[in-house]
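In the numbering used here, the protein residues as written are 1 to 316.
Working notes, structure below.
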Amino acid sequence: MNPTTIATVQRWFASAYGQESARVVRSASRTSGGLFQLAHDEGTSWLRVGGVLSRTAVEVEAEGRAAAELVKSGVSVAAPLRRADGAFGGSMVVDGESLPTIAYAEVEGERVAMPTPEQASRLGEVVGALHRCGNDQHGLPVVEPLARINECIASASKWIDAEDARWLRSTVHRQSTALHDLEPNARTTCHGDLQLSNAHFVGDSPTLLDLEGLGVGPPAYDCACMWRKRVLENGFSSPTDWLFFKQGYERTTDVTEDHWRALPAFAVVRAVWTMSLPALPNAAWGVDWVRDPDYWRAHFRMVRWFADFAATGESA
1 MNPTTIATVQ
11 RWFASAYGQE
21 SARVVRSASR
31 TSGGLFQLAH
41 DEGTSWLRVG
51 GVLSRTAVEV
61 EAEGRAAAEL
71 VKSGVSVAAP
81 LRRADGAFGG
91 SMVVDGESLP
101 TIAYAEVEGE
111 RVAMPTPEQA
121 SRLGEVVGAL
131 HRCGNDQHGL
141 PVVEPLARIN
151 ECIASASKWI
161 DAEDARWLRS
171 TVHRQSTALH
181 DLEPNARTTC
191 HGDLQLSNAH
201 FVGDSPTLLD
211 LEGLGVGPPA
221 YDCACMWRKR
231 VLENGFSSPT
241 DWLFFKQGYE
251 RTTDVTEDHW
261 RALPAFAVVR
271 AVWTMSLPAL
281 PNAAWGVDWV
291 RDPDYWRAHF
301 RMVRWFADFA
311 ATGESA
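See below:
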């Protein structure tokens, strides 16, 4: 990140949050803007400017309100910081573009690559608690992959051959039909990007972070995100920790077998969305990827694996 941007972030954070001592100690680029770790007199915080998703300032404010309500309810998620004016979200001009902003307190602990049975179980409990407490969505948008899947297919179709495009459309239609039968009405607050890397553990106790994808959706969608990622991390098979995650989840929320049967179809939708991200209009990253046939072949392999699993009718 260039020094001018760093200086701008420091000045903006000091003014918006009343932290004159704030200094950027780490930064990372995102699809737009960046993520900044700031140290100040009251501790360490993370400021998100822009992000991976195309969220508006109003939606980011809703994210902050929803996250604060979850913390208040005892759900172990990162705590959003209120600005000096009482709001959670704001906006900052970076390189001539106004981007939405939000800050969170530093989350203690560390990521784990292979959770113990107790860690996986406790993570399932936290996700179950999030879904159980998420009835008041505070104006959150629908989780992005579900809201934009048709746009994703259209964007990807510009880069793949006609036969693959037809297969993609028919596959997503088939999964959508199956999901309508399995999860017709369930809606709650979802993390939106649930994966092992978006949790920090202190011992066996996890805290969910990276709440940019917080949105409204079926609870099974979150679980599908988690399952899909663990399957890929485990060489296209469910790891043993997945069973412990399910047990923990079921201890804190009521689910039917249809919940778990919906996961493979949601995983297909998630895989298509992930594949299509660099092909979406105004994408600021991955431009070289969409021109590489190997990129599409690798992602189609993943989409086809989950589609084949969904066709079996088995639960995740």
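Positions of the beta carbon are idealized from the N, C-alpha and C atoms, including for glycine.
None of these values were measured; they are calculated from a predicted model.
Outcome for residue i when other beta-carbon atoms lying within 10 angstroms are tallied against a minimum of 16
| i | result |
| --- | --- |
| H180 | exposed |
| E63 | buried |
| V58 | exposed |
| P115 | buried |
| S98 | exposed |
| F245 | buried |
| T189 | buried |
| D41 | exposed |
| F236 | exposed |
| A129 | buried |
| S29 | exposed |
| R166 | exposed |
| S197 | exposed |
| D294 | exposed |
| H259 | buried |
| H321 | Lying before the first or after the last residue shown, residue 321 is absent from the chain, which here runs from 1 to 316. |
| V287 | exposed |
| R270 | buried |
Paired residues, beta bridge with residue i - DSSP
| i | result |
| --- | --- |
| F36 | S27, L47 |
| L208 | V77, A199 |
| A105 | S45 |
| V142 | V216 |
| L123 | The partner list for L123 (beta bridge, DSSP) is empty, contrary to what the question assumes. |
Residue range of the beta strand (DSSP E) that includes residue i
| i | result |
| --- | --- |
| T189 | 188-190 |
Backbone CA spacing between residue i and residue j [nearest angstrom]
| i | j | result |
| --- | --- | --- |
| T361 | Q119 | As shown, the chain starts at 1 and ends at 316. That puts residue 361 outside it, with no answer to give. |
| S238 | A16 | 45 Å |
| V71 | T207 | 11 Å |
| F13 | R82 | 12 Å |
| F306 | T31 | 26 Å |
| S315 | E233 | 19 Å |
| E257 | S27 | 43 Å |
| C223 | L194 | 7 Å |
| D95 | A7 | 13 Å |
| Q247 | V255 | 11 Å |
| V142 | G215 | 5 Å |
| G213 | A265 | 19 Å |
| E106 | S54 | 24 Å |
| A22 | G192 | 30 Å |
| M1 | V9 | 11 Å |
| R228 | F309 | 11 Å |
| A79 | W46 | 10 Å |
| G18 | L38 | 13 Å |
| W242 | A147 | 27 Å |
| R230 | A267 | 11 Å |
| F201 | V112 | 7 Å |
| A154 | L280 | 9 Å |
| A262 | A186 | 12 Å |
| M275 | T177 | 21 Å |
| V75 | P100 | 25 Å |
| F300 | Y104 | 36 Å |
| A283 | G51 | 12 Å |
| V126 | P117 | 14 Å |
Where the alpha helix (DSSP H) containing residue i begins and where it ends
| i | result |
| --- | --- |
| S91 | Per DSSP, S91 belongs to no alpha helix (DSSP H); it is in the beta strand (DSSP E), 89-94. |
| V375 | Since the first residue shown for the chain is 1 and the last is 316, residue 375 is missing from the structure and cannot be characterised. |
| V216 | No alpha helix (DSSP H) contains V216, which is instead part of the beta strand (DSSP E) from 215-217. |
| A316 | First-last for A316: undefined, no H or E at that position. |
| V290 | First-last for V290: undefined, no H or E at that position. |
| E20 | Premise fails: E20 is in no alpha helix (DSSP H) and is neither H nor E. |
| V71 | 57-72 |
| R261 | 257-261 |
Reduced DSSP category for residue i - H, G, I as helix; E, B as strand; rest coil
| i | result |
| --- | --- |
| E110 | strand |
| S237 | coil |
| P278 | helix |
| P100 | strand |
| W305 | helix |
| L130 | helix |
| D117 | Checking the sequence, you will find Pro at residue 117 rather than Asp. Correct three-state label for P117: helix. |
| M1 | coil |
| A84 | coil |
| D222 | helix |
| W159 | coil |
| V52 | coil |
| T8 | helix |
| T253 | coil |
| A283 | coil |
| L243 | helix |
| L232 | helix |
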